[in-house]
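When we follow my numbering, the leftmost residue of the sequence shown carries the number 393, and every step to the right adds one. For every residue, glycine included, the Cβ atom is placed at its ideal position computed from N, Cα and C. The next block holds one structure in the form of structure tokens; read it before the comments.
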Amino acid sequence: MVDVELFYKDTSDHSISSEEEDMLVRSCSNLNVSFGYHCDSYQSFSPENDHGNGISPKDMFGTNTMMGSRNGSFTCLSGAAISANFTLANTNICNGLIGEEILPELDSPNSFRKIISSPSMSRLDSFSTSQGSPVSTESSIFEISKNLWRSSAPTTVSSNFLTNTEVKMAGGAAGEDRVQAVCSEKNGWLICGIYDGFNGRDAADFLAVTLYDNIVYYLYLLENRIRQQNGLYNSSESSLNGLKSELTLAMRNSENEGIKFSETFRSGVLNCLSTAVGQAENDFLCMVEQEMDDRPDLVSVGSCILVVLLQGTDLCILNMGDSRAVLASMPYVENGALKATQLTETHSLENPLEYQKLLAEHPNDSSVVRGNKIKGKLKVTRAFGVGYLKQRKFNDALMGILRVRDLSSPPYVYTNPHTLSHKVTEDDLFVVLGSDGLFDFFSNDEVVRLVYQFMHDNPMGDPAKYLIEQLILKAAKEAALTAEELMRIPVGSRRKYHDDVTVIVIILGNAQRTMTASTSL
393 MVDVELFYKD
403 TSDHSISSEE
413 EDMLVRSCSN
423 LNVSFGYHCD
433 SYQSFSPEND
443 HGNGISPKDM
453 FGTNTMMGSR
463 NGSFTCLSGA
473 AISANFTLAN
483 TNICNGLIGE
493 EILPELDSPN
503 SFRKIISSPS
513 MSRLDSFSTS
523 QGSPVSTESS
533 IFEISKNLWR
543 SSAPTTVSSN
553 FLTNTEVKMA
563 GGAAGEDRVQ
573 AVCSEKNGWL
583 ICGIYDGFNG
593 RDAADFLAVT
603 LYDNIVYYLY
613 LLENRIRQQN
623 GLYNSSESSL
633 NGLKSELTLA
643 MRNSENEGIK
653 FSETFRSGVL
663 NCLSTAVGQA
673 ENDFLCMVEQ
683 EMDDRPDLVS
693 VGSCILVVLL
703 QGTDLCILNM
713 GDSRAVLASM
723 PYVENGALKA
733 TQLTETHSLE
743 NPLEYQKLLA
753 EHPNDSSVVR
763 GNKIKGKLKV
773 TRAFGVGYLK
783 QRKFNDALMG
793 ILRVRDLSSP
803 PYVYTNPHTL
813 SHKVTEDDLF
823 VVLGSDGLFD
833 FFSNDEVVRL
843 VYQFMHDNPM
853 GDPAKYLIEQ
863 LILKAAKEAA
873 LTAEELMRIP
883 VGSRRKYHDD
893 VTVIVIILGN
903 AQRTMTASTS
913 L
């Protein structure tokens with residue numbers, strides 16, 4: 393917890409001269425990803441609202457970003473990413489379909505743009521009967537998606553609660569990291585994902601192409617169940633084209649139906665996120681098995697996952713690995729002290745609970761951890777992909793020192809994600825999402841301090857970019873370099889000083905601002 397008075401008095405740790413600031417701006421001008429989104433009615437901090445005039449920071453922040461009914465989602469957001477690892481761009485995964493055909497249509501690293509259509513989204517129609525009901529999901533979504541990807545032209549986006557109005561997306565790659573932010577304006581939905589890849593970017597690229605569509609699909613199934621349970625499903629209303637979102641209505645109605653229904657609904661959303669990740673994992677490993685004769689390196693490729701879904705005052709989070717989501721709040725009962733709350737779990741050997749759980753799962757294996765890594769290979773205990781630490785057949789595809797010699801009782805890395813739902817309150821200010829590279833240099837409290845102070849001093853500024861600038865300054869200082877000197881070091885060599893870093897900052901706000909959001913920075 394951070395005391396606001398002390399926070400405002402002690403900012404020397406992060407103060408820089410104007411000359412250093414100019415140099416830093418020049419050095420960070422080559423960010424791999426830098427995007428922002430302001431809602432039309434976003435109100436900045438007024439210059440008159442100065443702490444020295446007797447107005448508290450809580451009141452200042454609250455007056456402009458948190459006032460009004462708290463039944464909306466966000467006021468603005470920004471995302472930024474910078475690379476340190478050298479990695480080949482998508483190396484012909486799925487016969488080049490992902491890297492050559494799909495990602496170029498999705499990537500927009502510097503601004504939000506409208507998604508006209510998505511080839512794999514059309515599987516919503518493929519899983520519907522003539523009455524509009526989904527067929528059995530036993531068939532592999534991946535198999536259907538592969539056929540759809542091969543089509544000569546994308547089909548029109550099917551209409552449901554995330555696609556019945558225009559959808560905007562921003563995102564891109566930085567080294568082995570990938571970041572995405574998707575906004576469905578009319579219904580006030582925001583989905584953000586950070587995929588921190590390792591041993592290559594193939595797994596993160598695969599997630600960037602498939603996970604959002606998986607989430608859409610499973611939420612679509614949830615929507616259908618809600619319609620059926622409430623007697624709203626009939627043949628005359630079942631057409632996907634022009635379907636009014638009953639899921640959005642159900643979420644709004646749940647506020648008036650009591651805690652039990654609301655919690656049940658949120659549990660359903662969290663289950664959708666988990667199922668979507670499980671589907672992506674199965675599809676990815678299926679693809680790896682098909683291609684590992686030509687590309688055995690794919691068996692070692694993996695990614696951490698952090699996904700946030702925000703609608704109204706419901707914040708749903710899924711994570712697997714060591715990326716973090718940190719909530720900044722200023723509880724009234726705690727006299728307006730700025731508070732940082734980590735909403736994610738840390739799935740790595742640095743977490744004693746994860747370490748002990750891993751050992752307990754393999755009581756007869758004396759070499760589970762070697763050199764502070766699982767089987768001497770990996771620090772994260774839960775991750776997407778990394779098949780060679782999960783199944784013997786993938787490990788057998790490797791040769792020489794790359795193969796794990798004593799894979800006696802796999803899996804050693806797990807795929808069960810952590811999920812959490814949080815009800816946004818008037819005390820909550822913003823959420824910071826970051827890959828572990830951010831937290832190599834800053835604690836949760838420091839991240840919250842930096843964003844809070846920056847938004848106070850620069851109400852229309854870019855807090856995500858600012859966090860990366862501060863990280864570069866700190867990394868350079870620790871290496872006895874200037875920021876400019878550090879940024880001149882080529883990627884690959886620069887990994888010695890910092891990791892790939894991806895950041896998204898979501899300023900929480902009310903429904904009216906979200907519903908009218910249309911301005912991309």
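Within a 10 Å sphere around the beta-carbon of L710 sit 16 or more other beta-carbons, which makes this residue buried. Burial check for L719: the Cβ neighbour count within 10 Å reaches 16 or more, so the residue is buried. Its chain contains A789, L790 as the residues whose beta carbon lies nearer than 7 Å to that of P688, once the 5 sequence neighbours on both sides are disregarded; these appear in chain order. When DSSP reads this structure, Y806 sits in a beta bridge with R774. Secondary structure at K767: coil, using DSSP grouped into helix, strand and coil. In this structure, DSSP gives M712 an extended state, which the three-state scheme calls strand. Approximately 10 Å separates the beta-carbon atoms of L599 and A668; this is outside 8 Å, ruling out the contact. In the DSSP secondary-structure assignment, T811 is bridged to L710.
Beta-bridge partners of C486 (DSSP): none assigned. As DSSP reads the structure, G585 sits in a beta bridge with Q572, V699. The Cβ atoms of I586 and C696 sit closer than 9 Å to each other. M852 sits in coil when the DSSP states are folded into three classes, being neither helix nor strand. Distances from the alpha-carbon of F657 to those of S426, V693, L611, D685 put L611 closest. About 6 Å separates the beta carbons of D757 and S801, which is inside the 8 Å limit, making them a contact pair. N424 is not a Cβ neighbour of A562, given a cutoff of 9 Å. A straight-line Cα-Cα distance of about 7 Å links G777 and A595.
In this chain, I494 is not harboured by any beta strand (DSSP E), its DSSP state being neither H nor E. As computed with DSSP, G563 is found in a beta bridge with S500, Q572. Cβ contact annotation for A856 (same chain, cutoff 7 Å, sequence separation greater than five): S470, G471, A472, V895, I896, V897, in chain order. Excluding sequence positions up to five before and after C664, its CB lies within less than 7 Å of the CB of I607, Y610, L611, L614, all in the same chain and listed in chain order. Ranked by Cα distance from Y806, the first of E683, S576, Q783 is Q783.
R880 has no beta-bridge partner at all, per DSSP. CA-to-CA, the gap between N727 and S721 works out to about 12 Å.
Comparing alpha-carbon positions, the option among D685, P723, L677, D706 lying closest to G694 turns out to be L677. In this structure, the CA atom of R774 is about 24 Å from the CA atom of V839. For L750, there is no enclosing beta strand (DSSP E); the enclosing alpha helix (DSSP H) covers residues 744-753. By the neighbour-count criterion, in which 16 or more other beta carbons inside 10 Å mark a residue as buried, N808 falls on the exposed side.
Of the residues assessed, E877 falls on the exposed side of the cut-off, its CB having fewer than 16 other CB atoms within 10 angstroms.
Counting only the Cα atoms, S759 lies some 32 Å from G826.
Rounded to the nearest angstrom, the gap between the Cα atoms of R795 and L730 is 48 Å. When DSSP reads this structure, T467 sits in no beta bridge, so it has no partner. When DSSP states are grouped into helix, strand and coil, Y429 belongs to the strand group. Rounded to whole angstroms, the separation of the alpha carbons of L582 and L865 is 31 Å.
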